[in-house]
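Enquirer:
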Amino acid sequence: MLAHETSHIANNDIQFMMVAVVFAGAIGLFAAALRNVLWFGAGDRDNRNGGLMLVAIAVGILAPLIALLVRLAISRKREYMADANGARMIRDSASLAKALKKIEKYSDNPNTAPMQNANEITAALYISNPFKAESVMNLFSTHPPLKDRIKKLEQMY
456 MLAHETSHIA
466 NNDIQFMMVA
476 VVFAGAIGLF
486 AAALRNVLWF
496 GAGDRDNRNG
506 GLMLVAIAVG
516 ILAPLIALLV
526 RLAISRKREY
536 MADANGARMI
546 RDSASLAKAL
556 KKIEKYSDNP
566 NTAPMQNANE
576 ITAALYISNP
586 FKAESVMNLF
596 STHPPLKDRI
606 KKLEQMY
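Take 456 as the starting number for the sequence shown in this note's numbering and just add one per residue.
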């Protein structure tokens, strides 16, 4: 696991994700500004174009959501990269897969103290997703499912 975390440092993941977060925030601000310009902009309320307002509302809702999904997808991709680079660093993907299996076994029990204290704000600090997310909900996770990470590592050896 140390090789995995060292790989995050070597790959400049902190800086990379900071740029992704700022970019996602900028998209959200742009969408909010566009919505406000269209809502409070020129013209009186009686002469507003209803279709344009619907577009503004849709952009205001969808743009930040899409930006969030892209940021989370980047985060998951960086986790796969850290796994692969960490395994190459120690020249032993089996050991990293074994460590992830232990974490998976531990994280499967929601009654353990760390899992009970998990929330949306601290989720990114966990090695695995502290919430049981399947299918579509995986899109909102900062980490890929452990089973997928283990499978990719096992394919390396």
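Just so you know, even glycine gets a beta-carbon here, dropped at the ideal spot from N, CA and C.
Measuring only the C-alpha atoms, how far is Ala539 from Met472?
Expert: As a working note, residue 539 is residue 84 in the sequence shown. As a working note, residue 472 is residue 17 in the sequence shown. Each residue's Cα considered, the two are about 18 Å apart.
Enquirer: Find the nearest neighbour of Val550 within the set Val510, Lys607, Ala488, judged by alpha-carbon distance.
Expert: What you label residue 550 is simply residue 95 of the sequence shown in a count that begins at 1. In the sequence as displayed, the identity of residue 550 is Ser instead of Val. Of the listed residues, the one whose Cα sits closest to Ser550 is Lys607.
Enquirer: If you follow the alpha helix (DSSP H) that Asn491 is in, where does it begin and where does it stop?
Expert: As a first step, residue 491 must be located in the sequence shown, where it is residue number 36. Looking at the DSSP string, the run of the alpha helix (DSSP H) that includes Asn491 is 468–495.
Enquirer: Write down the C-beta distance between Ala486 and Gly515 rounded to the nearest angstrom, noting that I regard them as a contact closer than 8 Å.
Expert: Stepping through the sequence shown from its first residue, residue 486 is reached at position 31. Stepping through the sequence shown from its first residue, residue 515 is reached at position 60. With a Cβ gap of about 5 Å, Ala486 and Gly515 count as contacting.
Enquirer: Using 8 Å for Cβ pairs, my map puts Arg533 next to Asp468. What's the rounded Cβ distance?
Expert: Residue 533 sits at position 78 when you count from the first residue of the sequence shown. Residue 468 sits at position 13 when you count from the first residue of the sequence shown. With 8 Å as the limit, Arg533 and Asp468 qualify as a contact, their Cβ atoms being about 5 Å apart.
Enquirer: Measure the Cβ-Cβ separation of Leu479 and Ala513 and say whether it is below 7 Å.
Expert: Residue numbering aside, residue 479 sits at position 24 when the sequence shown is read from its first letter. Residue numbering aside, residue 513 sits at position 58 when the sequence shown is read from its first letter. Strictly speaking, residue 479 in this sequence is Ala, with Leu absent from that position. Result no, Cβ atoms of Ala479 and Ala513 do not sit closer than 7 Å.
Enquirer: Note the first and the last residue of the continuous alpha helix (DSSP H) segment covering Leu608.
Expert: In the sequence shown, counting from the first residue as 1, residue 608 sits at position 153. First-last of the alpha helix (DSSP H) with Leu608: 601–611.
Enquirer: Between Met536 and Asn466, which are expected to be in contact by the criterion C-beta below 8 Å, what is the C-beta distance as a whole number of angstroms?
Expert: Against the sequence shown, residue 536 aligns to sequence position 81. Against the sequence shown, residue 466 aligns to sequence position 11. Going by Cβ atoms, the distance from Met536 to Asn466 rounds to 6 Å, so yes, they are a contact pair.
Enquirer: Helix, strand or coil for Arg546 per DSSP?
Expert: Stepping through the sequence shown from its first residue, residue 546 is reached at position 91. Reduced to three states, the DSSP call for Arg546 is coil.
Enquirer: Looking only at its own chain, which residues have a Cβ that is under 8 Å from the Cβ of Thr461, when we skip the five neighbours before and after it?
Expert: For this step, residue 461 is matched to residue 6 along the sequence shown. Closer than 8 Å at the Cβ level, and outside the excluded window around Thr461, lie Gly541, Met544.
Enquirer: So, Pro599 versus Arg531, is the Cβ gap smaller than 7 Å?
Expert: Translated into positions along the sequence shown, residue 599 becomes position 144. Translated into positions along the sequence shown, residue 531 becomes position 76. Yes, the Cβ-Cβ distance between Pro599 and Arg531 is below 7 Å.
Enquirer: Go ahead and pull the three-state DSSP assignment for Met456.
Expert: Within the sequence shown, numbered from 1, the residue matching residue 456 stands at position 1. It is coil, neither helix nor strand.
Enquirer: Based on Cα-Cα distance, which residue from Arg490, Leu517, Leu524 lies nearest to Ala511?
Expert: The sequence position of residue 511 within the sequence shown is 56, counting from 1. Measuring from the Cα of Ala511, the nearest candidate turns out to be Arg490.
Enquirer: Going by other Cβ atoms of all chains shown within 10 Å of its Cβ, with 16 needed for buried, is Arg604 buried or exposed?
Expert: Residue mapping note: residue 604 aligns to position 149 of the sequence shown, counting from 1. When all chains shown are included, Arg604 counts as buried.
Enquirer: Helix, strand or coil for Ser461? Go by DSSP, reduced to three states.
Expert: Taking the sequence shown and counting its residues from 1, the one referred to as residue 461 is at position 6. The amino acid at residue 461 is misidentified as Ser; the sequence shows Thr. Reduced to three states, the DSSP call for Thr461 is helix.
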